[in-house]
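Numbering-wise (my numbering), the sequence shown opens with residue 378 and increments by one.
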Amino acid sequence: MPFKLDAKELSPQEREKLILLLLLFIFAVGAAAMYWSLLVPRKDFYNELWAPTYLLLRGQSPYATAPLNPELPAAWLPMAVGFFAPLGALSESLAQRIWFLVNIAELAALVYWARLKDKLIFNLIVVCLLTFFFPSTIHHLILGQFSLTTTLCVVAGTMLVVKEKRWLGAFVLALGLTKLHLMTLSLLGLTLWSYRRGGAKEAAALILRVASACVVLCLPLFIAYPNWIPDALQSMSSNAAWTFPTLQNFFIRSLGVTAGMTLWVVAVVLIAAFALCLWTRLDPVRAAFWTLGLSLLISPYIGSWDFVALLPLLIYVYVDAGKRQKIFIVGAYLAAWVLMASGQAQTDSHNYFFWWVPLWHLAVAALTFRWRESFSRQK
Numbered sequence: 378m379p380f381k382l383d384a385k386e387l388s389p390q391e392r393e394k395l396i397l398l399l400l401l402f403i404f405a406v407g408a409a410a411m412y413w414s415l416l417v418p419r420k421d422f423y424n425e426l427w428a429p430t431y432l433l434l435r436g437q438s439p440y441a442t443a444p445l446n447p448e449l450p451a452a453w454l455p456m457a458v459g460f461f462a463p464l465g466a467l468s469e470s471l472a473q474r475i476w477f478l479v480n481i482a483e484l485a486a487l488v489y490w491a492r493l494k495d496k497l498i499f500n501l502i503v504v505c506l507l508t509f510f511f512p513s514t515i516h517h518l519i520l521g522q523f524s525l526t527t528t529l530c531v532v533a534g535t536m537l538v539v540k541e542k543r544w545l546g547a548f549v550l551a552l553g554l555t556k557l558h559l560m561t562l563s564l565l566g567l568t569l570w571s572y573r574r575g576g577a578k579e580a581a582a583l584i585l586r587v588a589s590a591c592v593v594l595c596l597p598l599f600i601a602y603p604n605w606i607p608d609a610l611q612s613m614s615s616n617a618a619w620t621f622p623t624l625q626n627f628f629i630r631s632l633g634v635t636a637g638m639t640l641w642v643v644a645v646v647l648i649a650a651f652a653l654c655l656w657t658r659l660d661p662v663r664a665a666f667w668t669l670g671l672s673l674l675i676s677p678y679i680g681s682w683d684f685v686a687l688l689p690l691l692i693y694v695y696v697d698a699g700k701r702q703k704i705f706i707v708g709a710y711l712a713a714w715v716l717m718a719s720g721q722a723q724t725d726s727h728n729y730f731f732w733w734v735p736l737w738h739l740a741v742a743a744l745t746f747r748w749r750e751s752f753s754r755q756k
């Protein structure tokens, strides 16, 4: 018998879920069509993923990419190279388009999961607009970056570990570690949560599972070219110096090297302590949303495309907010959007000028969170 989907046979909850999924699919398709023509070859995807996988599948060192004339040496950690090795069998153009669609699907998944239990169609429309038109999202898609994948891995990996799907969660987290600097706080927080839940044994088991998963993901490199590690170390250490949009650079440029580094170290300690405190006060998924954003404040190595790590927190805080708080969030978002667009339009624009973006959105999230708590106590 042919399969027929009869809406009358669906429960109200199932119909609601179906409508939300269809709406999310429409947004994803619309964003893909809008950004399709913006893709430029030989950007980060070519340098960091396609060139290494192309060489790997031909039995050559995946980190000796110079013969392929990349703009930059490969610097992504090898878990992504092993997992996405099949992309190297395709032409760069086709692989780039597939990677772009993967990124679009990851955005849709982030929207779906970061909403948690929210079922309002209006909220979904707003967070789709906030997510798919976030300036860092657009930059990320054009470059073919990996930060969305790491962000999704943190969210999905945390959910899986909480649901006691430990090994699957470990493999998801291991893949996300391709961008280690975006995951440090989240992995520390999840380890602390595991310790509080099951003691040192469970915390150690989490670390060992993730480490084992990293080794498994790297197996294609060891099989195809066993001596890849020296080339990887050389490639990762040979990137040209660049002024990153980080608090570290802002402090150094404003206060000088000694005072700036001192202030940055103090900030790192305080932010890390605050992030771990959140893991003792919030449920793990919400804590992961916060620590993804906070990681942007302490990392010495980020680009503005990495700011997509803010998206789960932005989505969650919006759907959890009241009406006035939602207006505040959208207004602050639009103000930041205009400021970023104005900065990008300047002839002397540099990625460094956007160091303030994580601070802005984290401050908005914190103010909204406190506002919400204060309003709840008054009621």
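From the three backbone atoms N, C-alpha and C, an ideal C-beta is built for every residue, glycine too.
Closest in C-alpha terms to residue 719, from the list 484, 393, 677, 512, comes 512. With 16 or more other CB atoms across the displayed protein chains lying within 10 angstroms of its CB, residue 605 is buried. Between residue 741 and residue 528, the CB-CB gap reaches or exceeds 8 Å. Going by DSSP, residue 724 is part of no alpha helix (DSSP H) at all; its letter is neither H nor E. With a cut-off of 8 Å on Cβ pairs, the segment 398-417 is not in contact with the segment 438-451, counting fewer than three such pairs. Taking all protein chains shown into account, residue 575 has fewer than 16 neighbouring C-beta atoms within 10 Å of its C-beta and is therefore exposed. Note on geometry: alpha-carbon atoms of residue 410 and residue 540 lie some 36 Å from one another. The beta-carbon distance between residue 434 and residue 408, rounded to whole angstroms, is 31 Å. This is too long to meet the 8 Å contact definition. By the neighbour-count criterion, in which 16 or more other beta carbons inside 10 Å mark a residue as buried, residue 395 falls on the exposed side. In this structure residue 508 touches residue 692 by the C-beta definition: roughly 7 Å separates them, less than 8 Å.
Within the segment 659-684, the alpha helix (DSSP H) runs of at least 4 residues that lie entirely inside it are, in chain order, 661-675. In the DSSP assignment, residue 697 falls within the unbroken alpha helix (DSSP H) covering 688-697. Annotated as distal: residue 464 and residue 453, with beta-carbon spacing of 8 Å or more. DSSP places residue 556 outside any alpha helix (DSSP H), giving it a letter other than H or E. Beta-carbon to beta-carbon, residue 598 and residue 458 are separated by about 6 Å, close enough to satisfy the 8 Å threshold. The residue from 533, 582, 583 with its alpha-carbon nearest to that of residue 689 is 533. DSSP places residue 417 in the coil class of the three-state scheme, outside both helix and strand. An exposed status is given to residue 650, since fewer than 16 other beta-carbon atoms sit within 10 Å of its beta-carbon. Collapsing the DSSP output to three states places residue 703 in a helix. In the DSSP assignment, residue 526 falls within the unbroken alpha helix (DSSP H) covering 524-539. Residue 563 is a Cβ neighbour of residue 531, given a cutoff of 8 Å. In this structure, the alpha-carbon of residue 630 lies about 29 Å from that of residue 519. Nearest to residue 596 by C-alpha distance, out of 386, 412, 566, 439, is 439. Straight-line spacing of the CA atoms in residue 609 and residue 441 works out to 8 Å. Residue 648 and residue 671 do touch by the CB rule: their CB atoms are close to 6 Å apart, below 8 Å. For residue 430, the enclosing alpha helix (DSSP H) covers residues 428-433.
In this structure, residue 495 lies away from residue 734, with their beta-carbon atoms at least 8 Å apart.
Here residue 514 is near residue 484, since their CB atoms are less than 8 Å apart. Secondary structure at residue 495: coil, using DSSP grouped into helix, strand and coil.
The criterion of a C-beta distance shorter than 8 Å is not satisfied by residue 552 and residue 613.
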